[in-house]
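Input: a single structure, listed below in structure tokens.
Residue numbers (the working numbering): 19 to 481.
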């Protein structure tokens, strides 16, 4: 049966045929409902997970991460091979980083990209070979750089003139040679279906294209630095290759210019490949995206009469985003009467402390009752958190079964990327545990915080 959409619903959100359906593109491949209507992920029910670990709870489907890591690896390798080149894939650790994730992606054949000293230490603690790590960041300290050179980080992505000089001093003092890429701004910013191309990109990362030749010349004259090529990242949650086409054209002009004075063996085009957060999202399949992007580079190189360099890419969200599902318990329900109808506010026991993306970026998510199959006419709901903040929204717009009630478990899919890493203790709410599921078993991979953990940091306790 169809029900009329609320006038407060956005155009992209339609009333579902079934407010209990699990849209395949948004959930892990293992997600299903059992005969009682409970959501099962990785072979284990959310009810059992909630009883064992409490809520809120971030559930990561290990099989989904491993499968997506392998798919990304194979897609770019095949695309590069078709044009006589090679492709290396770095997992962008900022999306979600812990020792388990590092082990899963490296076992799938991926390298790892880190961007702080802390992320570097997590990767090393997981047993990753430092040689497969790439180190990003616009303000890497001398201490961080020295640690990276000492342990043998494979590639440092240089972001400023100051950093070049810091590395010059460090490599001389340690008697080491460090491989580096130069990060450049192509003036292209891509976001989902659209991209913007300008002469200059106003951001904190990298070198303007016009400043890059001098920076490369400086790197090439330093005995302790090995110039390995260029890096360019154009944005996040990108659908399609249009932005990459424009950016690659500009970067390849620089690449060709630099070849006059030496080798430019590698081109790293970053990541930002999109996933589905709602049923309205239709991201480009990774194999198609890889084929299109590599073809763009190959065509550009052929037009300039230069060989296709070794390529690198840095997906993060595309590997872990869909693997994550956050489970909450519903606390209160409130129907707010507005001029053109009613909006139902469904409050859960987490919120912007475990997922600030809605508040930060206006990110859209989906939600489903997870402990049972709901009944009743679908109602337009806003899922909100428990924090003392009006912007504490988890899911801005969603149709939920009309009988949603306190005590129900609610699941928000596609929370594997940029939720746990951005989490906080706002209002002194402890951060939830991260639990891996696979083949009907579960285990904690990041321990949840307790109130005792929070009080332990307060130097005034007990005085």
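Every residue, glycine too, gets a C-beta built ideally from N, C-alpha and C.
Just so it is clear, the structure is predicted and the values come from calculations on it, not from any experiment.
- Per the Cβ contact rule, the region 239–249 is in contact with the region 184–202 (3 or more Cβ pairs under 8 Å).
- With respect to residue 460, residue 62 sits close: the two C-beta atoms are nearer than 9 Å.
- Between the region 375–390 and the region 53–72 there are three or more C-beta pairs closer than 8 Å, enough to call the two in contact.
- Within the DSSP secondary-structure output, residue 331 pairs in a beta bridge with 107.
- Judged by DSSP secondary structure, residue 273 falls within the alpha helix (DSSP H) whose first and last residues are 260–277.
- Residue 231 carries a helical assignment under DSSP once its states are collapsed to helix, strand and coil.
- Just so you know, the alpha carbons of residue 349 and residue 141 end up roughly 38 Å apart.
- Nearest C-alpha to residue 455 among 233, 204, 342 and 229: 342.
- Sorting 478, 111, 457 and 186 by C-alpha distance to the C-alpha of residue 49 places 457 at the top.
- Along the length of the region 142–210, whole alpha helix (DSSP H) runs at least 4 residues long occupy 160–169 and 179–192, reported in chain order.
- Rounded to the nearest whole angstrom, the CA to CA distance from residue 314 to residue 304 is 15 Å.
- In terms of Cβ geometry, residue 334 and residue 289 form a close pair [threshold 9 Å].
- Contact annotation: residue 402 and residue 369 have beta-carbon atoms nearer than 9 Å.
- DSSP, read as helix, strand or coil, puts residue 307 in helix.
- In this structure the region 463–474 does not touch the region 377–385; the number of beta carbon pairs closer than 8 Å is below three.
- By the criterion of at least three beta-carbon pairs nearer than 8 Å, the region 407–417 is not in contact with the region 80–90.
- Membership of residue 65 in the alpha helix (DSSP H) is indicated by the continuous run 64–71.
- In this structure, residue 45 keeps its C-beta atom at 9 Å or more from the C-beta atom of residue 80.
- Put simply, the region 317–328 does not touch the region 370–377. Fewer than three CB pairs are less than 8 Å apart.
- By the Cβ neighbour-count rule, residue 280 is exposed, with fewer than 16 other Cβ atoms within 10 Å of its own.
- Under a 10 Å Cβ-count criterion, residue 159 is classified as exposed, with fewer than 16 other Cβ atoms of the shown protein chains found around its own Cβ.
- In the three-state scheme derived from DSSP, where H, G and I count as helix and E and B as strand, residue 400 is classed as strand.
- Taking C-alpha positions only, residue 285 is separated from residue 312 by approximately 11 Å.
- Residue 67 has its alpha-carbon roughly 34 Å from the corresponding atom of residue 26.
- Between the region 125–142 and the region 347–367, the count of Cβ pairs shorter than 8 Å is below three; the stretches do not touch.
- Just measuring C-alpha positions, the residue of 246, 306, 77 and 283 sitting nearest residue 258 is 306.
- A Cβ-Cβ separation of about 15 Å leaves residue 270 out of contact with residue 228 under the 8 Å criterion.
- With contacts defined as CB atoms closer than 9 Å, residue 417 and residue 41 fail to qualify as a contacting pair.
- Out of 38, 71, 30 and 37, the CA that lies nearest to the CA of residue 449 is found in 71.
- Residue 463 is positioned such that its CB atom lies closer than 9 Å to that of residue 118.
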